[in-house]
Amino acid sequence: MIGTLINVIAILAGTAVGLLLRKGIPERLRETVMQGLALCVVLIGVTGAIKAHDTMCVIVSMVAGGLIGSAVNIELRLNQLGALAERKLLKGQQGGSFAKGFVTASLVYCVGAMAIVGAMDSGLRGNHATLIAKAALDGVSAIFFASTMGAGVGLSALAVLVYQGSIALLATWIAPLLTDPIINEMSAVGSLLIIGIGLNMIYDKHIAVGNMLPAIFVPMIYVPLSTLF
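Numbering (the numbering used here), first residue to last: 5 to 233.
This is the structure in structure tokens:
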């Protein structure tokens, strides 16, 4: 859990710095920075997605995951959680941007391969190097995210704590299930979702990335089954 805790602290620290900087950044400049960040998010997603070895696995994962996520309506529940936190903590002072910051940052920080691999290394071998490197990246990005989307970015630290912490604590039982081919396809699917996040940020569209989150875990079923046929 040490690596995850460092990651959480880095996100909170980055958010704090971003909120301080936000007050002195004109709206026009914040919008430009937001667009630049969105392009970087798309680049990160594309870089990871092209590493997919089994395109059919990605397609099946996106379809199956989307169906499951839509049935549960994960996107709505994430937004409701962000809106509830905004009402409780800030009395709605951010006009809805709190929920957007929470959902966007949570997805970016949780769906990448570093979150899975780093948490596994942390839990199995006590090797926190990957999560420390991720913490540095997340902390820097949190500065820019918070400067444009507000305090909701800080709440994403809770999502990281639950997600990465669970993987680290259950690493001994999860490790046999997460072979290199499975992690590779999970990373590719997660990277595709990151592209969707970036497009939402650029065009202010609504690709329901939250509803597609179960797609990340479909390769855990698909890859073993594909070896049987």
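C-beta atoms are modelled at their ideal positions from N, C-alpha and C, and glycine is treated no differently. Keep in mind the model is a prediction, meaning the values are calculated, not measured.
Candidates the options, of which the one nearest residue i by Cα
i, options, result
"Pro223", "Leu159, Val37, His57, Ser65", "Ser65"
"Pro228", "Gly86, Val76, Ile186", "Ile186"
"Val112", "Leu217, Phe221, Asn77", "Leu217"
"Leu43", "Leu203, Gly214, Phe221", "Leu203"
"Leu182", "Val193, Leu80, Tyr207, Phe221", "Phe221"
"Ala75", "Gly214, Ile15, Ala14, Tyr207", "Gly214"
"Gly69", "Lys138, Gly194, Gly156, His210", "Gly194"
"Ala109", "Ala212, Met5, Ala146, Ala137", "Ala146"
Rounded straight-line distance, which links the Cα of residue j to that of residue i
i, j, result
"Phe106", "Gly158", "7 Å"
"Val12", "Leu41", "21 Å"
"Thr231", "Thr59", "15 Å"
"Ala150", "Ser160", "11 Å"
"Thr19", "Ile178", "31 Å"
"Gly260", "Phe233", "No answer is possible for residue 260: it lies beyond the span of the chain, which begins at 5 and ends at 233."
"Leu47", "Lys92", "35 Å"
"Gly116", "Ala219", "13 Å"
"Arg34", "Ile225", "42 Å"
"Asn77", "Leu85", "13 Å"
"Ala192", "Cys61", "10 Å"
"Asn131", "Arg32", "43 Å"
"Val144", "Val67", "33 Å"
"Leu82", "Ile201", "14 Å"
"Glu90", "Ile63", "36 Å"
Residues of its chain near residue i, where Cβ-Cβ distance is below 8 Å and the 5 sequence neighbours each way are ignored
i, result
"Phe8", "According to the sequence displayed, residue 8 carries Thr and not Phe. Within the same chain, Thr8 has close Cβ partners Ala123, Ser126, Leu135, Val164, Leu165, Gln168, Gly169, Ala172."
"Thr176", "Gly127, Leu128"
Residues near residue i in its chain [Cβ-Cβ closer than 7 Å; skip 5 each side]
i, result
"Met38", "Thr152, Met205"
"Val50", "Ile199"
"Val121", "Thr134, Ile187"
"Cys114", "Ala163, Val164, Tyr167"
Endpoints, the alpha helix (DSSP H) within which residue i is located
i, result
"Pro218", "Counting along the chain, Pro218 falls outside any alpha helix (DSSP H), and DSSP gives it neither H nor E."
"Met5", "No alpha helix (DSSP H) contains Met5, which DSSP labels as neither H nor E."
"Leu182", "It is not in any alpha helix (DSSP H) - Leu182 carries neither H nor E in the DSSP assignment."
"Val62", "59-76"
"Thr231", "Where Thr231 is concerned, there is no enclosing alpha helix (DSSP H), given that its DSSP letter is neither H nor E."
"Gly49", "31-53"
"Val112", "101-114"
Same chain, Cβ closer than 6 Å to residue i, five either side skipped, listed in chain order
i, result
"Ala26", "Note on residue identity: the sequence assigns Arg, not Ala, to residue 26. Contacts found: Ser151."
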